[in-house]
Amino acid sequence: MHIQPRTHLLTSCAKGKNHFTSTSPVLEIMPNTTPKLLIETWLSKLRSYPPERAVSVIDLYRGAHWSCAKEILKTTPNLDLWVISAGMGLLHCSEEVIPYEATFNKLPFAPSSWWETLTEATQGVRRSSSIAQLMQTYPGDNYVISGSPVYVAAVERDITAGMASLINPLAQLTVITSGGYKGMLEPYLVRSHAGMLNSLNANMVCLNIKLARSIIQNIGCS
């Protein structure tokens, strides 16, 4: 009996969040900070927040991008939904986290350095602390990774480290982003562009995730 591989959809977090308040932790970037200094202050801030206020990742985010991601999860058999979070690392949609605000866009150092620091800090805390660990655990599964160029650049070394574990990386891995990305993942890239908006019934906010939905539907039919 043939067992259908699972598909892992990894997508960037959404700026809009439910349950976020004026006291929720915000990743504040000082001009001359380093990943080491930033992770120390960030973890201290997270630890000081009441843990009972944690919410499920699936209920944390809001907006068109996240609504589409949830719809993909609901309508696709054998799919796991993950979030690439600039504040929390790699999150499975079933995990619980406290509401927060963070972004890769304002870092004074390479986003990939911050991602590596985050994944080290969440070892043993998350369901999977890195994309590489996820791929090593499930080397026969399919991976669709959707995000803006800065998010893809942040995780590209993590993805590359995991690809060596995949049985056939070119067949199993698809990375979706816009034309602004240049890097080592280009052989696995499907570039989104404005010409796709009408056919995917999308706007620019949800273009990448709707392209991911189309690709995942094709995986299910293959």
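Per the UniProt record's numbering: the sequence shown = residues 1 to 222.
Note that the Cβ used here is the ideal one computed from N, Cα and C, for glycine as well.
These figures come from a predicted structure and were not determined experimentally.
Secondary structure of residue i, DSSP reduced to three states
| i | result |
| --- | --- |
| residue 162 | helix |
| residue 1 | Bear in mind that a pLDDT of 44 at residue 1, under 50, signals an unreliable position, so the model cannot answer this. |
| residue 119 | helix |
| residue 181 | coil |
| residue 106 | coil |
| residue 149 | helix |
| residue 137 | helix |
| residue 15 | coil |
| residue 219 | helix |
| residue 207 | helix |
Cα-Cα separation between residue i and residue j, rounded to whole angstroms
| i | j | result |
| --- | --- | --- |
| residue 94 | residue 30 | 32 Å |
| residue 230 | residue 17 | The question about residue 230 has no answer here: the residues shown for the chain are numbered 1 through 222. |
| residue 106 | residue 212 | 26 Å |
| residue 159 | residue 131 | 6 Å |
| residue 12 | residue 147 | 5 Å |
| residue 1 | residue 193 | Reliability of the predicted coordinates at residue 1 is poor, the pLDDT of 44 falling under 50, and the value obtained from them is presented with this limitation in mind. Cα to Cα, residue 1 sits roughly 40 Å from residue 193. |
| residue 27 | residue 20 | 13 Å |
| residue 141 | residue 4 | 9 Å |
| residue 87 | residue 118 | 8 Å |
| residue 69 | residue 209 | 7 Å |
| residue 214 | residue 102 | 29 Å |
| residue 155 | residue 185 | 10 Å |
| residue 202 | residue 121 | 36 Å |
| residue 50 | residue 42 | 15 Å |
| residue 82 | residue 134 | 10 Å |
Rounded Cβ spacing between residue i and residue j (contact assumed at less than 8 Å)
| i | j | result |
| --- | --- | --- |
| residue 169 | residue 98 | Incorrect: roughly 35 Å between the Cβ atoms, too far for contact. |
| residue 80 | residue 92 | 7 Å |
| residue 177 | residue 191 | 7 Å |
| residue 89 | residue 44 | Actually they do not touch by this definition, with Cβ atoms about 16 Å apart. |
| residue 162 | residue 136 | 6 Å |
| residue 144 | residue 216 | 6 Å |
| residue 14 | residue 62 | 7 Å |
Terminal residues of the beta strand (DSSP E) in which residue i lies
| i | result |
| --- | --- |
| residue 191 | 189-192 |
| residue 176 | 173-178 |
| residue 79 | 79-85 |
Boundaries (first-last residue) of the alpha helix (DSSP H) holding residue i
| i | result |
| --- | --- |
| residue 75 | 64-75 |
| residue 145 | From DSSP, residue 145 is part of no alpha helix (DSSP H) but of the beta strand (DSSP E) over 142-146. |
| residue 58 | 57-60 |
| residue 39 | 35-47 |
Buried or exposed by the 16-neighbour rule on C-beta atoms within 10 Å, applied to residue i
| i | result |
| --- | --- |
| residue 125 | exposed |
| residue 56 | exposed |
| residue 115 | buried |
| residue 111 | buried |
Any non-hydrogen atom of the ligand MG closer than 7 Å to residue i Cβ
| i | result |
| --- | --- |
| residue 189 | Only the bare structure without any ligand can be found here, which leaves the ligand MG out of the picture. |
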